[in-house]
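Engineer: One line per chain: the protein sequences are A and B, in this order.
For the first sequence, position 8 matches number 2 in this note's numbering, and the numbering has no gaps at all.
Just add 7 to the spot in the second sequence (first one is 1) and you have this note's numbering.
We put the beta carbon where it would ideally sit given N, CA and C, even for glycine.
On a predicted model such as this, the values are computed, not experimentally measured, just so you know.
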Amino acid sequence: DAGVTQSPTHLIKTRGQQVTLRCSPKSGHDTVSWYQQALGQGPQFIFQYYEEEERQRGNFPDRFSGHQFPNYSSELNVNALLLGDSALYLCASSLAWNSQTDGYTFGSGTRLTVV
Amino acid sequence: DAKTTQPNSMESNEEEPVHLPCNHSTISGTDYIHWYRQLPSQGPEYVIHGLTSNVNNRMASLAIAEDRKSSTLILHRATLRDAAVYYCILLYSGGGADGLTFGKGTHLIIQP
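1) Can you tell me whether DSSP reads A/Gly78 as helix, strand or coil?
2) At a cut of 8 Å, does the stretch 10 to 18 of chain A reach the stretch 68 to 85 of chain A through at least three beta carbon pairs?
3) Beta-carbon of B/Tyr53 versus every beta-carbon of chain A: anything under 7 Å?
4) Check whether the stretch 68 to 82 of chain A and the stretch 9 to 26 of chain B touch, using three or more Cβ-Cβ pairs below 8 Å as the test.
5) Find out if the Cβ-Cβ distance for the pair B/Leu80, B/Ala67 is shorter than 7 Å.
6) If B/Ile117 and B/Ala90 are in contact, beta carbons under 8 Å, what's the gap, nearest whole angstrom?
7) Would you kindly check if the distance between the Cβ of A/Gln42 and the Cβ of A/Gln50 is under 7 Å?
8) Using a Cβ cut-off of 9 Å, which residues of the stretch 29 to 63 of chain A contact any Cβ in chain B, in chain order?
9) Rounded to the nearest angstrom, what separates B/Lys69 and A/Thr8 at their Cα positions?
10) If we count the other Cβ atoms within 10 Å of its Cβ and call it buried at 16 or more, is A/Gln12 buried or exposed?
11) With 7 Å as the limit, tell me which residues of the stretch 73 to 92 of chain A have their beta carbon closer than that to any beta carbon of chain B; keep them in chain order.
12) With a CB to CB cut of under 6 Å and the five nearest residues on each side skipped, what residues in its chain are close to A/Ala32?
13) Measuring only between beta-carbons, confirm whether B/Lys111 sits less than 7 Å from chain A.
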């Protein structure tokens, strides 16, 4: 049973460009969350999607946007990239009704470098 | 959000038990206590969770203080593969899926 799949694994972009990261949730999961992890820090919650809508959002600017598709997969888009956006971007999936007890499954992340 | 406090790092020897503490003095009665760990170059991995009673699973045990203001993750027999950053997280149990609030966690070093 495949877990959470993220693509690409690594990416290099230039400041000011736009980037799209992709995530396929674990089979049976319906909720996808995105996190940003800077070097040496814990992951920071960006937002969460359920039923194709953004349900919760962390303290991130509007340059960060997302989408969830009918098959529950998700995309994270970042516009006008800044050097400070360089980080590991993690996707996590869960089942909305029992995430508090079953927990979240994380992917291995996409390493984004902005130069 | 309720906050957790963990030591920055801990060191243990292989094949010995490890007790990782977490303080959460502002926990509310509806918060679950979750533990995740992150191995090098990987995403976080769910370890265990509890509400009031101590919990055991194949990976670890979770001991929760009677007043719920602290908890301890117990690895009964540490191996080199347990070297990771361990995060203690409070998760509201009131329904719906919530974003996880990670702190800096405890960097566990296992000596052979």
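Structural biologist: For this structure:
1) On the first sequence, residue 78 of chain A is found 84 positions in, with the first residue counted as 1. DSSP places A/Gly78 in helix when its eight states are reduced to three.
2) yes
3) For the purposes of this step, residue 53 of chain B is taken as the residue at position 46 of the second sequence. At least one chain A Cβ lies under 7 Å of B/Tyr53.
4) no
5) On the second sequence, position 73 is the one that residue 80 of chain B refers to. On the second sequence, position 60 is the one that residue 67 of chain B refers to. Contact: yes.
6) Within the second sequence, the letter at position 110 stands for residue 117 of chain B. Within the second sequence, the letter at position 83 stands for residue 90 of chain B. B/Ile117 to B/Ala90, Cβ: 5 Å. Contact.
7) For the purposes of this step, residue 50 of chain A is taken as the residue at position 56 of the first sequence. For the purposes of this step, residue 42 of chain A is taken as the residue at position 48 of the first sequence. Contact flag set, yes.
8) Tyr29, Gln31, Gly34, Gln35, Gly36, Pro37, Gln38, Phe39, Ile40, Phe41, Gln42, Tyr44, Arg49, Gln50, Arg51, Gly52
9) Counting from 1 along the second sequence, the entry for residue 69 of chain B is found at position 62. Counting from 1 along the first sequence, the entry for residue 8 of chain A is found at position 14. The identity of residue 69 of chain B in the sequence shown is Leu, whereas the question assumes Lys. One C-alpha to the other measures close to 45 Å.
10) Locating residue 12 of chain A in the first sequence gives position 18, where the first residue counts as 1. Exposed, since its Cβ has fewer than 16 Cβ neighbours within 10 Å.
11) Leu84, Ser88, Ala90
12) Against the first sequence, residue 32 of chain A aligns to sequence position 38. If we look at A/Ala32 and ignore the five residues flanking it on each side, its Cβ neighbours are Ala81.
13) Reading the second sequence from its first residue, position 104 is the one you call residue 111 of chain B. Yes - at least one Cβ of chain A is within 7 Å of the one on B/Lys111.
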